[in-house]
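Enquirer: Take any residue in the sequence shown, count from 1 to its spot, add 285: that is its number in this note's numbering.
Glycine is no exception: its CB is placed at the ideal position from the N, C-alpha and C atoms.
Here the structure is a predicted model, which is why all the values come from computation and not from measurement.
Please read through the structure below; I'll follow up with questions.
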Amino acid sequence: MFLDCSFSPEMLSELQAQKELDALAKELAHHDALYYQKDAPEISDADYDALSQRHRALEKLFPQLISQDSPSLKVGAKAVDGFAKITHLNPMLSLDNAFNAEDMHKFVERVCRFLNLPLDKQIEMVAEPKIDGLACSLIYKNGELMSASTRGDGHVGEEITANIETISSIPTHLSGDKYDHAQGQTLEVRGEIYMSKKDFAALNEARLAKGDAIFANPRNAAAGSVRQLDPTVTASRPLGFFAYGFRRFDDKGLETHSQRLDLLKVWGFKVNSLIQVCKTTRKLWTFHEALEAKRSHLDYDIDGSVFKVNSLGWETRLGTVSRSPRYAIAAKFPPEQGSTTLLDIHIQVGRTGVLTPVAILDPLTVGGVVVSRATLHNQDEIARKDVRLGDTVLVQRAGDVIPQVVKVMNPDRSDRAEPYVYPDHCPACDSKAAQEDGEVAVRCLAGLICPAQAALRVRHFVSKSAFDIEGFGAKNVDLFFDKGLVKTPVDIFTLESRNIGLGKWEGWGPKSAEKLFEAINAKRTIGLDRFIYALGIRQIGQTTAKTLAKVYTSYENWVEKMVLAANGDEDNKDYQDLIEIDGVGADMAEDLMHFFSETHNIDFLKALVGPQIQVQDLIIEDTSNSPIAGKTVVFTGTLEHLSRAEAKSQAENLGAKVSGSVSKKTDYVIAGAEAGSKAKKAQELGVTILSEEEWGALIS
Ligand code: IVH
Numbered sequence: 286m287f288l289d290c291s292f293s294p295e296m297l298s299e300l301q302a303q304k305e306l307d308a309l310a311k312e313l314a315h316h317d318a319l320y321y322q323k324d325a326p327e328i329s330d331a332d333y334d335a336l337s338q339r340h341r342a343l344e345k346l347f348p349q350l351i352s353q354d355s356p357s358l359k360v361g362a363k364a365v366d367g368f369a370k371i372t373h374l375n376p377m378l379s380l381d382n383a384f385n386a387e388d389m390h391k392f393v394e395r396v397c398r399f400l401n402l403p404l405d406k407q408i409e410m411v412a413e414p415k416i417d418g419l420a421c422s423l424i425y426k427n428g429e430l431m432s433a434s435t436r437g438d439g440h441v442g443e444e445i446t447a448n449i450e451t452i453s454s455i456p457t458h459l460s461g462d463k464y465d466h467a468q469g470q471t472l473e474v475r476g477e478i479y480m481s482k483k484d485f486a487a488l489n490e491a492r493l494a495k496g497d498a499i500f501a502n503p504r505n506a507a508a509g510s511v512r513q514l515d516p517t518v519t520a521s522r523p524l525g526f527f528a529y530g531f532r533r534f535d536d537k538g539l540e541t542h543s544q545r546l547d548l549l550k551v552w553g554f555k556v557n558s559l560i561q562v563c564k565t566t567r568k569l570w571t572f573h574e575a576l577e578a579k580r581s582h583l584d585y586d587i588d589g590s591v592f593k594v595n596s597l598g599w600e601t602r603l604g605t606v607s608r609s610p611r612y613a614i615a616a617k618f619p620p621e622q623g624s625t626t627l628l629d630i631h632i633q634v635g636r637t638g639v640l641t642p643v644a645i646l647d648p649l650t651v652g653g654v655v656v657s658r659a660t661l662h663n664q665d666e667i668a669r670k671d672v673r674l675g676d677t678v679l680v681q682r683a684g685d686v687i688p689q690v691v692k693v694m695n696p697d698r699s700d701r702a703e704p705y706v707y708p709d710h711c712p713a714c715d716s717k718a719a720q721e722d723g724e725v726a727v728r729c730l731a732g733l734i735c736p737a738q739a740a741l742r743v744r745h746f747v748s749k750s751a752f753d754i755e756g757f758g759a760k761n762v763d764l765f766f767d768k769g770l771v772k773t774p775v776d777i778f779t780l781e782s783r784n785i786g787l788g789k790w791e792g793w794g795p796k797s798a799e800k801l802f803e804a805i806n807a808k809r810t811i812g813l814d815r816f817i818y819a820l821g822i823r824q825i826g827q828t829t830a831k832t833l834a835k836v837y838t839s840y841e842n843w844v845e846k847m848v849l850a851a852n853g854d855e856d857n858k859d860y861q862d863l864i865e866i867d868g869v870g871a872d873m874a875e876d877l878m879h880f881f882s883e884t885h886n887i888d889f890l891k892a893l894v895g896p897q898i899q900v901q902d903l904i905i906e907d908t909s910n911s912p913i914a915g916k917t918v919v920f921t922g923t924l925e926h927l928s929r930a931e932a933k934s935q936a937e938n939l940g941a942k943v944s945g946s947v948s949k950k951t952d953y954v955i956a957g958a959e960a961g962s963k964a965k966k967a968q969e970l971g972v973t974i975l976s977e978e979e980w981g982a983l984i985s
């Protein structure tokens with residue numbers, strides 16, 4: 286495998302991102318199959334994480350490219366033929382990863398925010414070792430084991446009941462009696478099957494002696510042993526099982542995850558003895574570091590820690606997002622590193638003008654992957670690390686995928702090059718480049734005049750999710766751009782009337798020229814959401830564009846409100862309305878304001894919309910039959926039981942639009958404690974005002 290994804294996602298055009306996403310999806314599917322079905326992975330976990338994180342980073346920046354069968358939405362690989370299939374009662378999810386203490390703190394803050402708690406609230410968590418084996422789901426009825434299955438694709442797994450009956454730490458009949466207080470109901474126990482390091486070494490030794498292929502690590506040995514069609518083979522392989530959770534029909538009487546673990550012990554399961562309840566966030570990281578120190582002394586493989594919110598009430602409220610729960614996170618042990626010589630530093634210019642330094646390295650292998658380029662992030666990082674050409678640098682492939690330069694290994698040597706001087710001019714257009722207020726990134730200040738930015742922006746403008754002009758792909762954009770015929774998107778629509786004689790160009794004929802003009806003319810009308818997205822404003826991806834289109838509904842209204850917001854002071858109503866839109870927030874608003882405060886952007890819009898194209902209003906379809914589908918709701922005041930985020934997410938999941946301000950169009954105002962002007966306005970306008978309880982009753 287050769288991974289060379291040192292280009293930050295920001296630098297990619299949509300087309301490039303699409304290509305890379307496709308390639309990554311294929312590669313991930315290939316490795317999933319090797320890992321889950323054949324138990325014979327070709328790459329390390331860290332390498333797999335790197336690919337998967339890169340995939341997610343790209344999807345985050347290009348949300349419009351998320352396909353329905355995206356690897357980020359599925360867990361594991363399809364169950365293999367030869368085993369009966371079992372559909373899981375609850376999907377078997379995976380965990381989000383934290384790679385450092387900061388990620389850890391962010392996780393706790395996210396939990397607090399969601400639960401409407403102060404951000405520095407100390408949330409009691411259960412800290413567990415992350416066992417490096419294979420996940421297993423066990424179904425019990427009235428205390429008797431009914432079936433066992435592997436994770437498979439997270440929804441359907443392979444039935445391995447006969448095989449796991451040979452694992453002594455999995456009880457076939459539960460002890461105690463609390464399992465059956467919901468008579469006849471199902472209990473599902475989850476845990477990890479593993480092979481001890483000692484048993485793994487003995488197994489491999491025996492296989493070597495017999496001339497059989499050896500297993501690469503205990504996890505593969507465990508997975509290979511469980512997934513034997515002949516259970517007698519499994520029986521001959523010593524396997525263990527750590528239970529880490531369960532679900533059942535009736536969980537009354539249980540308040541915490543640690544009580545759950547205690548109950549598992551009562552029923553006869555082995556629960557890992559290193560598990561601890563941590564009352565403060567600081568203790569979580571202490572646990573993690575202590576666990577890492579113990580790692581090599583343990584007789585089973587672990588690859589990190591898992592932290593879970595202890596309160597089951599909170600666990601339920603937090604729920605899950607796409608393929609992982611909000612109430613838990615895995616902290617992985619540190620990434621792989623290696624050192625090499627820094628040969629050069631290249632500066633790349635992205636669509637939004639950001640200059641990014643890329644380290645050109647003497648190729649080295651880090652965790653089985655050849656790395657020849659790594660990110661140096663930005664000017665400040667180069668200065669902070671004092672990275673100079675010719676230095677020996679430590680390179681790391683961390684969770685955030687793009688290989689990065691961590692530090693200089695030999696800063697004291699006498700024959701060092703001079704400190705690196707960061708360019709103050711754009712390498713693409715030679716215009717001035719500088720840091721803007723409060724920004725770390727150095728940006729080319731030329732805007733659309735910069736060919737690197739302008740061409741990439743035009744490419745974005747005509748891309749599939751934007752104007753989607755057939756036959757006007759990256760190649761043609763560059764062609765017209767290089768000839769100076771298309772400098773901004775407006776020029777696309779005047780190509781035909783400028784009589785450029787395209788039909789006579791090399792490689793073109795009258796037919797193909799006509800076809801291109803037809804394709805351009807066919808796109809002179811566009812929906813508002815696509816149009817907003819096409820503008821390529823920083824951070825405004827497809828999802829945000831849709832949100833904005835839904836809120837502002839017409840082009841004229843949107844532009845009017847944006848201009849007013851950009852030109853007023855920080856408290857102006859239009860700006861406040863904008864930042865209160867769910868999914869927008871101050872950061873994105875800042876970028877929108879930046880766009881609308883530039884006169885050349887306003888001139889561009891004037892030259893485009895009207896003279897060249899029409900933007901259609903957004904039509905909101907009401908498909909759901911939920912009582913609040915299509916309704917506009919406003920939350921105000923302090924809600925007692927829900928955070929704003931949770932309340933908004935609930936309402937939106939039921940098809941409502943959550944707005945930040947009250948108008949005649951508002952259907953419901955949900956007023957919490959100390960509701961002020963919004964509740965008053967609702968009263969004046971005759972809008973229905975609901976208490977938090979009434980709202981709860983309406984949507985329940
Ligand atoms: S909790 C949403 N606890 O790690 C899944 N998982 O990515 C909740 N794992 O394959 C799982 N040790 O089987 C949990 N103490 C632990 C674990 C653990 C290992 C595995 C799990 C899954 C993966 C999660």
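#1: Give a single yes or no on whether Y425 has its beta carbon closer than 8 Å to a heavy atom of the ligand IVH.
#2: Would you tell me roughly how many angstroms separate the C-alpha atoms of P688 and L343, rounded to the nearest one?
#3: When you compare only the Cα positions, how much space is there between I785 and K808?
#4: Measure the C-alpha to C-alpha separation of E875 and G853 and round it to an integer number of angstroms.
#5: Output needed for K370: all residues of its chain with C-beta closer than 8 Å, excluding positions within five of it in sequence on either side, in chain order.
#6: Rounded to the nearest angstrom, what separates L970 and V947 at their Cα positions?
#7: Nearest-angstrom Cα distance between R658 and S434?
#8: Where does I421 fall in DSSP's three states?
#9: Answer yes or no: the CB of M878 versus the heavy atoms of the ligand PLP, is any distance below 8 Å?
#10: If you count every other CB in all the chains shown that lies within 10 Å of the CB of S748, and 16 or more means buried, which is it?
#11: Could you give the uninterrupted runs of the beta strand (DSSP E) lying entirely in the region 916-949, keeping only those of 3 residues or more?
#12: For H316, count neighbouring Cβ atoms within 10 angstroms of its own Cβ and tell me buried if that reaches 16, exposed if not.
#13: For the ligand IVH, is there a heavy atom less than 8 Å away from the beta-carbon of I416?
#14: Whose CA, out of W570, R504 and K311, lies closest to the CA of M389?
#15: If we ignore side chains and look at the alpha-carbon of each, how far apart do A318 and M694 end up?
#16: How about G623 and L649: are their beta carbons less than 9 Å apart?
#17: Our contact map puts A958 next to A964 with C-beta atoms below 8 Å; I'd like the distance itself, whole angstroms only.
#18: When you compare each of T566, L646, E703 and Q544 to D671 by their alpha carbons, which one comes out closest?
#19: Identify whether D629 lies in helix, strand or coil by the three-state DSSP scheme.
#20: What are the uninterrupted segments assigned as beta strand (DSSP E) that are 3 or more residues long and contained completely in the region 845-902, given in chain order?
#21: For V283, which option in A719, N886 and G870 has the closest C-alpha, if you only look at C-alpha atoms?
#22: For R395, which three-state DSSP category applies?
#23: Among the residues of its own chain, which have a CB less than 8 Å from the CB of V771, if the five just before and after it don't count?
#24: Taking only the alpha-carbon atoms, compute the straight-line gap between L741 and K916 and give it to the nearest angstrom.
#25: For G553 versus M480, is the C-beta spacing smaller than 9 Å?
#26: CB-CB under 8 Å to L927, same chain, minus the five flanking residues each way: which ones, in chain order?
#27: Might you give, ordered along the chain, the residues of its own chain that have their beta carbon closer than 6 Å to the beta carbon of E865, omitting 5 neighbours on each side?
#28: Express the C-alpha separation of L549 and N427 in angstroms, rounding to a whole number.
#29: Select from K579, T471 and N595 the residue whose C-alpha is nearest the C-alpha of Y529.
#30: Within 8 Å: the Cβ of N557 and any heavy atom of the ligand IVH?
#31: Considering only C-alpha positions, which residue in the set E312, D547, R567 and V551 is nearest to I990?
#32: By the 10 Å Cβ neighbour count, where 16 or more other Cβ atoms means buried, how is D814 classified, buried or exposed?
#33: Looking at C-beta atoms only, is the number of pairs between the region 471-485 and the region 503-516 that lie closer than 8 Å three or more?
#34: Quick check on the DSSP output: the beta strand (DSSP E) that includes Q689 runs from which residue to which?
#35: Scan the region 707-748 and note each continuous beta strand (DSSP E) run of 3 residues or more that stays entirely inside, going in chain order.
#36: Would you mind working out which of G525, E931 and Q303 sits nearest A341, comparing C-alpha positions?
Expert: Based on what the coordinates show:
#1: Looking up residue 425 in the sequence shown gives position 140. Checking every heavy atom of the ligand IVH against the Cβ of Y425, none is found closer than 8 Å.
#2: To locate residue 688, count along the sequence shown from 1; it is residue 403. To locate residue 343, count along the sequence shown from 1; it is residue 58. Roughly 15 Å between the two C-alpha positions.
#3: Here residue 785 refers to the residue found at position 500 of the sequence shown. Here residue 808 refers to the residue found at position 523 of the sequence shown. Between I785 and K808, the C-alpha separation is close to 20 Å.
#4: Sequence index remark: in the sequence shown, residue 875 carries index 590 (1-based). Sequence index remark: in the sequence shown, residue 853 carries index 568 (1-based). Answer to the nearest angstrom: the Cα atoms are 13 Å apart.
#5: What you label residue 370 is simply residue 85 of the sequence shown in a count that begins at 1. Here the set comprises A364, G437, V441, G442, E443 and E444.
#6: Taking the first residue of the sequence shown as 1, we reach residue 970 at position 685. Taking the first residue of the sequence shown as 1, we reach residue 947 at position 662. Each residue's Cα considered, the two are about 9 Å apart.
#7: As a first step, residue 658 is located in the sequence shown; it is residue number 373 there, counting from the start. As a first step, residue 434 is located in the sequence shown; it is residue number 149 there, counting from the start. Whole-angstrom Cα-Cα distance: 42 Å.
#8: Reading the sequence shown from its first residue, position 136 is the one you call residue 421. The amino acid at residue 421 is misidentified as Ile; the sequence shows Cys. Three-state DSSP puts C421 in a strand.
#9: Of the ligands this structure carries, namely the ligand IVH, none is the ligand PLP.
#10: Along the sequence shown, read from residue 1 onward, the residue named residue 748 stands at position 463. With a threshold of 16 other beta carbon atoms within 10 Å, S748 meets it and is buried.
#11: 917-921 and 942-944
#12: Taking the sequence shown and counting its residues from 1, the one referred to as residue 316 is at position 31. Classification for H316: buried.
#13: Against the sequence shown, residue 416 aligns to sequence position 131. Yes, the ligand IVH has a heavy atom inside 8 Å of this Cβ.
#14: On the sequence shown, residue 389 is found 104 positions in, with the first residue counted as 1. Nearest C-alpha to M389: W570.
#15: By one-based count along the sequence shown, residue 318 stands at place 33. By one-based count along the sequence shown, residue 694 stands at place 409. Approximately 39 Å between the Cα atoms of the pair.
#16: Translated into positions along the sequence shown, residue 623 becomes position 338. Translated into positions along the sequence shown, residue 649 becomes position 364. A contact, by the Cβ cut-off of 9 Å.
#17: Within the sequence shown, residue 958 is the residue found at index 673, counting from 1. Within the sequence shown, residue 964 is the residue found at index 679, counting from 1. In fact, because the Cβ distance is near 11 Å, the residues do not count as touching under 8 Å.
#18: Here residue 671 corresponds to residue number 386 of the sequence shown, with the count starting at 1. Of T566, L646, E703 and Q544, the residue nearest in Cα terms is E703.
#19: In the sequence shown, counting from the first residue as 1, residue 629 sits at position 344. Here D629 sits in strand by DSSP.
#20: 899-901
#21: An answer regarding residue 283 cannot be provided, because it is not within the stretch 286 to 985 covered by the chain.
#22: Your numbering for residue 395 matches position 110 in the sequence shown. R395 sits in a helix when the DSSP states are folded into three classes.
#23: The residue you call residue 771 lines up with position 486 of the sequence shown. Residues of the same chain with a CB within less than 8 Å of the CB of V771, apart from the 5 flanking positions on each side, are V743, V762, F765, I777 and L780 in chain order.
#24: As a working mapping, residue 741 is identified with position 456 in the sequence shown. As a working mapping, residue 916 is identified with position 631 in the sequence shown. Computed Cα separation, rounded: 39 Å.
#25: For the purposes of this step, residue 553 is taken as residue 268 along the sequence shown, with counting starting at 1. For the purposes of this step, residue 480 is taken as residue 195 along the sequence shown, with counting starting at 1. Against a cut-off of 9 Å, the Cβ pair of M480 and G553 comes out as no contact.
#26: Start at 1 with the first residue of the sequence shown, and residue 927 comes out as number 642. These residues qualify, in order along the chain: N401, Q935 and E977.
#27: Along the sequence shown, one-based indexing puts residue 865 at 580. Here the set comprises G945.
#28: By 1-based counting over the sequence shown, the position of residue 427 is 142. By 1-based counting over the sequence shown, the position of residue 549 is 264. Going by the C-alpha atoms only, they are around 15 Å apart.
#29: Counted from its first residue, the sequence shown places residue 529 at position 244. The option with the nearest alpha carbon to Y529 is N595.
#30: On the sequence shown, position 272 is the one that residue 557 refers to. The answer is yes for N557.
#31: Absent from the model: residue 990. The displayed extent of the chain is 286 to 985, so no value can be given.
#32: Start at 1 with the first residue of the sequence shown, and residue 814 comes out as number 529. With a 10 Å radius around the Cβ and a threshold of 16 neighbouring Cβ atoms, D814 comes out buried.
#33: yes
#34: Sequence index remark: in the sequence shown, residue 689 carries index 404 (1-based). Unbroken beta strand (DSSP E) run through Q689: Q689 to V693.
#35: For the region 707-748, whole beta strand (DSSP E) runs of length 3 or above, ordered along the chain, are 718-720 and 727-729.
#36: As a first step, residue 341 is located in the sequence shown; it is residue number 56 there, counting from the start. The sequence shown places Arg at residue 341, not Ala. Checking every option, the nearest Cα to that of R341 belongs to Q303.
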